[in-house]
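Positions 1 to 59 (UniProt numbering) are the ones given, in order, by the sequence shown.
Positions of the beta carbon are idealized from the N, C-alpha and C atoms, including for glycine.
Structure record follows, encoded as C-alpha cells.
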Amino acid sequence: MGSDSLPLKAKDANADSSYTHIHWAFASIHPNTWKPVIKGGKKEWADFKTPKAKRAASF
1 MGSDSLPLKA KDANADSSYT HIHWAFASIH PNTWKPVIKG GKKEWADFKT PKAKRAASF
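If you want it as C-alpha cells, here you go:
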C-alpha cells in the first residue's frame, strides 16, 4: 500500500476462521458520483476480499 508505518499485507491476515469480520480502512466516496472508491493498491483490495470472513470498508 506504499505505507512504511504498517507493512502488514491483507493476504497475511489470520483468516483461519478465528475472525468473523475484517475491516478495510482505506476507502472514500467519489465527490461527483457518490460511489465508493478504494484507496491503496488494487492487489491489496483483491487479497482483502479473498477470506471467507465478513468484510467491511470504512469511509
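- For the 8 Å CB-CB criterion, Ala27 and Ile38 form a contact.
- Per the coordinates, the alpha-carbon of Lys43 lies some 25 Å from the alpha-carbon of Asn32.
- DSSP places Ala27 in the uninterrupted beta strand (DSSP E) bounded by 27–29.
- Secondary structure of Trp34 (DSSP, three-state): coil.
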